[in-house]
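Participant:
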Amino acid sequence: MQKEDDKVQTVERVPDSAAADLATSKTAKVQNVAYSDAIAKDNLSPRATSIFKLYAIIALVTLNNCGNGFDGTIMSSINAMDPFHKFFGTEMQGSSIGAVFALYSVGNILGCLVAAPAADIFGRKFGMITGSIFVIIGTVIQAAAQNVGTFMAGRLFLGFGCTIAVTASPIYLVEMAYPSWRGTLAGLYNVGGWYIGSLASTWTAYGTGRLTSNWSWRIPIIIQVVPASIILCGVWFIPESPRWLMSHGKEEQARAVLIKYHGDGNPESAVVKLELDEMRASIEYQEEIEASQKWWDYRMLFDNRENLHRFYLLFLVAIFSQFIGGSVITYYMPVILENVGITSSSQQLLLNGVNVIFGFFSGVAGSFSVEKFGRRPLFLWGTFLTGLVYIPINVIAAKAHGHVDTSTGYAFIAMIFLYGIFWSFCWTPLQSLYPSEVLRNDIRAKGMAASGFFSGVSGFINTYATPVALQKIGWKTYTIFLILHFVEWGMMYFALVETKGRSLEEIDEIFKSPNPVKTSKQKHEVYIKEGAGVTADLGAKEA
């Protein structure tokens, strides 16, 4: 393992004396020379047999994120249903419904206490199993609730289980994904999982919203048990994360997993050899640190400069994903629609469903753009563009005072849709991917649990305070979120490290450099020949 003052790993390649090698090579600018060399030698086809097996594994793991997507929209849909409010004696706005919503976030916070040790000590698969069990319990309690207290208890269990599952699953995915497609696959995890849950809940609620009985809200809730049940049955048949196996002294098992899924059965694969070498070196270094660590001790997340930088990035992504206004639009969209004159429950649910569809396709497009544009540009552009959209939202809300004309109302709805498109394209693919990437292997589970804690706390504050704010200060609520957009942009500009095109172990090395942001933007100009690897490295330059 390199020392703290070493530069990011590079491979020095002297040009071959045979000019033919360079003549048949192509030039490229790459972040990681060793990684590019291995990929050029033994890159797998997206249609390789082992890759199709990997797709199936990732599809199963993606279902873990359905809970967040489901809850992110189901309560918005249920909040538009009169039978729900009549049965529990709640109102569409105010502290009572805010408390019902917020118990999910409380569950998130409590889940953070056990999520990290579950994934670290017993394995990433164990975390997914445990989380799924609690999701099923929480769903059953909510669906069968006869009073608001029981319903809130169900939301507590649901939030608890979702946090455990979504701490383990993105870690598993980034550790299991083929290096070339880590960004795309991890982006699709967050987009696919969130929107599968969101689409299922929204359109089921639209279908049942016409019912006048309590089944109008019970049926959409019951559906949440489906993805959790599939995970609980299927996770027994997938391999454990190779990095978890390696860190627990099971190198041969880790090697077998990598050969099968990253080498297509080839034990001599250059990609597999590089991954094993990097993991081995990283774990040897981490074992010296871990000897004095306890499972309950989270101080290693900020015990030195490099880890403090990682911790700060977790904080930014988790906090601002909640605080830049998305919850005002999604959780309380029925309130907003009523404020602009759309009062029909059926119309509200339909618009909510269409908004989710737009978001889904935008998120998929964004996932396939992660490896093209990089993480840093997507975060910055996404924050800036959603901030711009919030300006007309704020202006219209200020003029509305409970009623606007039809054309202004449609303009307001268009801005909501546009916000969702920008957010889904830029932010949704990165919310699970980026924290998982920037964390070192030995602190990845604890870091993701901390990220869940920040998200849960900010989500609790947001979902409890937002309905009260809408009731008390009205349109000024949007002004607060508008300001936060541009505050966040400035904070992220000076802190975000680019992780595109680098192995997880090399990302560790970036944080050890004197200026991680600058180092992460450096690219090497190389000559690459398919099948032969990198034939010449012309040196590093800042992109």
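If you read the sequence shown in our numbering, its first letter stands for residue 484, the second for the next number, and so on. Backbone N, C-alpha and C fix where the C-beta goes; we use that ideal spot for every residue, glycine too.
1) DSSP state of Thr-866, grouped into three classes?
2) Between which two residues does the alpha helix (DSSP H) containing Arg-693 stretch?
3) By alpha-carbon positions, which one of Arg-665, Ala-531, Ile-944, Glu-988 ends up nearest to Ser-588?
4) Pull up the distance between the alpha-carbon of Arg-701 and that of Phe-571, whole angstroms please.
5) Specify, as a first and last residue, the run of the alpha helix (DSSP H) that Asn-562 falls within.
6) Which stretch, first to last residue, makes up the alpha helix (DSSP H) that contains Ile-616?
7) Can you list, in chain order, the residues of its chain whose CB lies under 6 angstroms from that of Arg-638, leaving out five sequence neighbours each side?
8) Out of Val-847, Lys-733, Phe-937, point me to the one whose CA is closest to Gly-676's CA.
9) Which two residues bound the contiguous alpha helix (DSSP H) that contains His-792?
10) Do you know how far the Cα of Leu-834 is from the Cα of Asn-790?
11) Going by CA-CA distance only, name the one from Ser-519, Phe-567, Thr-646, Ile-904 that's closest to Arg-693.
12) For Val-921, which of helix, strand or coil comes out of DSSP?
13) Sort out for me which residues DSSP pairs Glu-751 with in a bridge.
14) Report all residues from its chain with a CB closer than 7 angstroms to the CB of Ile-802; omit the five preceding and five following residues, and keep chain order.
15) Would a C-beta distance cut-off of 7 angstroms place Ser-652 and Asn-547 closer than the cut-off?
16) Is the beta carbon of His-792 closer than 7 angstroms to that of Phe-964?
17) Near Lys-512, what residues of its chain come up, given a Cβ to Cβ distance below 6 angstroms and the 5 sequence neighbours on each side ignored?
18) Out of Arg-763, Tyr-961, Val-649, Ala-688, which one is the CA nearest neighbour of Tyr-873?
19) Identify the continuous alpha helix (DSSP H) that holds Arg-738 and give its terminal residues.
20) On the CB-based measure, 16 or more other CB atoms within 10 Å of its CB, does Pro-750 come out buried or exposed?
21) Thinking C-beta only, is Asn-673 closer than 7 angstroms to Gln-914?
22) With burial defined as no fewer than 16 other Cβ atoms inside 10 Å of the residue's Cβ, what is the status of Pro-912: buried or exposed?
23) Grouping DSSP H, G and I as helix and E and B as strand, with all else coil, what is Gln-1005?
24) By DSSP, does Lys-983 sit in helix, in strand, or in coil?
25) Taking Glu-758 as the reference, give the member of Ile-825, Val-657, Pro-999, Phe-720 with the closest Cα.
26) For Thr-510, which of helix, strand or coil comes out of DSSP?
27) Tell me whether the beta-carbon of Gly-849 lies closer than 7 angstroms to the beta-carbon of Phe-905.
28) Whose C-alpha, out of Thr-573, Ala-599, Ser-752, is nearest the C-alpha of Asn-924?
29) Which word fits Glu-767, buried or exposed, when buried means at least 16 other C-beta atoms lie within 10 angstroms of its C-beta?
30) Taking the alpha helix (DSSP H) that Tyr-518 belongs to, which residues open and close that run?
31) Could you name the residues of the same chain whose beta carbon sits closer than 7 angstroms to that of Lys-743, not counting the 5 residues immediately before and after it, in chain order?
32) If you compare alpha carbons, which of Ala-711, Ala-753, Glu-723 is closest to Gly-621?
33) Within 10 angstroms of its Cβ, does Lys-929 collect 16 or more other Cβ (buried), or is it exposed?
34) Who are the near neighbours of Ser-615 in its chain, counting only those whose CB is closer than 8 angstroms to its CB and skipping five residues on each side?
35) Would you give the residue range spanned by the alpha helix (DSSP H) that Leu-639 belongs to?
Facilitator: To lay it out plainly:
1) For the purposes of this step, residue 866 is taken as residue 383 along the sequence shown, with counting starting at 1. Residue state, collapsed to three classes: helix.
2) On the sequence shown, position 210 is the one that residue 693 refers to. Element bounds for Arg-693: n/a, residue is neither H nor E.
3) Taking the sequence shown and counting its residues from 1, the one referred to as residue 588 is at position 105. Of Arg-665, Ala-531, Ile-944, Glu-988, the residue nearest in Cα terms is Ile-944.
4) Here residue 701 refers to the residue found at position 218 of the sequence shown. Here residue 571 refers to the residue found at position 88 of the sequence shown. Computed Cα separation, rounded: 13 angstroms.
5) Taking the sequence shown and counting its residues from 1, one reaches residue 562 at position 79. Per DSSP, Asn-562 belongs to no alpha helix (DSSP H) and is neither H nor E.
6) As a first step, residue 616 must be located in the sequence shown, where it is residue number 133. It spans 607-627 - the alpha helix (DSSP H) in which Ile-616 sits, taken as one unbroken run.
7) Against the sequence shown, residue 638 aligns to sequence position 155. Only Leu-586, Tyr-587 meet the Cβ criterion.
8) Locating residue 676 in the sequence shown gives position 193, where the first residue counts as 1. Checking every option, the nearest Cα to that of Gly-676 belongs to Val-847.
9) Here residue 792 is taken as the residue at index 309 of the sequence shown, counted from 1. 788-806 is the span of the alpha helix (DSSP H), which, as asked, contains His-792.
10) Sequence index remark: in the sequence shown, residue 790 carries index 307 (1-based). Sequence index remark: in the sequence shown, residue 834 carries index 351 (1-based). When rounded, the distance between both Cα atoms is 43 angstroms.
11) By 1-based counting over the sequence shown, the position of residue 693 is 210. It is Phe-567 whose Cα lies nearest to the Cα of Arg-693.
12) As a first step, residue 921 is located in the sequence shown; it is residue number 438 there, counting from the start. Val-921 falls in the helix class under three-state DSSP.
13) If you number the sequence shown from 1, residue 751 lands on position 268. DSSP output for Glu-751 lists no bridge partner at all.
14) Taking the first residue of the sequence shown as position 1, residue 802 is located at position 319. Cβ neighbours of Ile-802 beyond the five flanking positions: Phe-937, Ser-941.
15) Start at 1 with the first residue of the sequence shown, and residue 652 comes out as number 169. Start at 1 with the first residue of the sequence shown, and residue 547 comes out as number 64. Contact flag set, yes.
16) As a working note, residue 964 is residue 481 in the sequence shown. As a working note, residue 792 is residue 309 in the sequence shown. Going by C-beta atoms, Phe-964 is not nearer than 7 angstroms to His-792.
17) As a working mapping, residue 512 is identified with position 29 in the sequence shown. The answer, listed in chain order, is Lys-1006, Glu-1008.
18) Your numbering for residue 873 matches position 390 in the sequence shown. Tyr-873 has its Cα closest to that of Tyr-961, out of Arg-763, Tyr-961, Val-649, Ala-688.
19) Reading the sequence shown from its first residue, position 255 is the one you call residue 738. Per DSSP, Arg-738 belongs to the alpha helix (DSSP H) from 734-745.
20) Within the sequence shown, residue 750 is the residue found at index 267, counting from 1. Counting Cβ neighbours within 10 Å, Pro-750 comes out exposed, since fewer than 16 surround it.
21) Stepping through the sequence shown from its first residue, residue 914 is reached at position 431. Stepping through the sequence shown from its first residue, residue 673 is reached at position 190. Their beta carbons are under 7 angstroms apart, which means Gln-914 touches Asn-673 by this criterion.
22) If you number the sequence shown from 1, residue 912 lands on position 429. Buried: at least 16 other Cβ atoms inside 10 Å.
23) By one-based count along the sequence shown, residue 1005 stands at place 522. Residue state, collapsed to three classes: strand.
24) Indexing the sequence shown from 1 puts residue 983 at position 500. Looking at Lys-983 - three-state DSSP - the assignment turns out to be coil, as it is neither helix nor strand.
25) For the purposes of this step, residue 758 is taken as the residue at position 275 of the sequence shown. Among Ile-825, Val-657, Pro-999, Phe-720, the Cα nearest to that of Glu-758 is on Val-657.
26) Against the sequence shown, residue 510 aligns to sequence position 27. Three-state DSSP puts Thr-510 in a strand.
27) Numbered from 1 along the sequence shown, position 366 holds the residue referred to as residue 849. Numbered from 1 along the sequence shown, position 422 holds the residue referred to as residue 905. No, Cβ-Cβ distance for Gly-849 and Phe-905 is not below 7 angstroms.
28) What you label residue 924 is simply residue 441 of the sequence shown in a count that begins at 1. The shortest C-alpha separation from Asn-924 is found at Ala-599.
29) For the purposes of this step, residue 767 is identified with residue 284 of the sequence shown, where counting begins at 1. Counting Cβ neighbours within 10 Å, Glu-767 comes out exposed, since fewer than 16 surround it.
30) As a first step, residue 518 must be located in the sequence shown, where it is residue number 35. 516-525 is the extent of the alpha helix (DSSP H) around Tyr-518.
31) Your numbering for residue 743 matches position 260 in the sequence shown. Within the same chain, Lys-743 has close Cβ partners Ser-533.
32) For the purposes of this step, residue 621 is taken as the residue at position 138 of the sequence shown. Among Ala-711, Ala-753, Glu-723, the Cα nearest to that of Gly-621 belongs to Ala-711.
33) Numbered from its first residue, the sequence shown carries residue 929 at position 446. So Lys-929 counts as buried.
34) The sequence position of residue 615 within the sequence shown is 132, counting from 1. Excluding sequence neighbours, Ser-615 sits near Asn-547, Gly-644, Ala-648, Ala-711, Ser-712, Ile-714, Leu-715, Val-718.
35) Along the sequence shown, one-based indexing puts residue 639 at 156. 631-659 is the span of the alpha helix (DSSP H), which, as asked, contains Leu-639.
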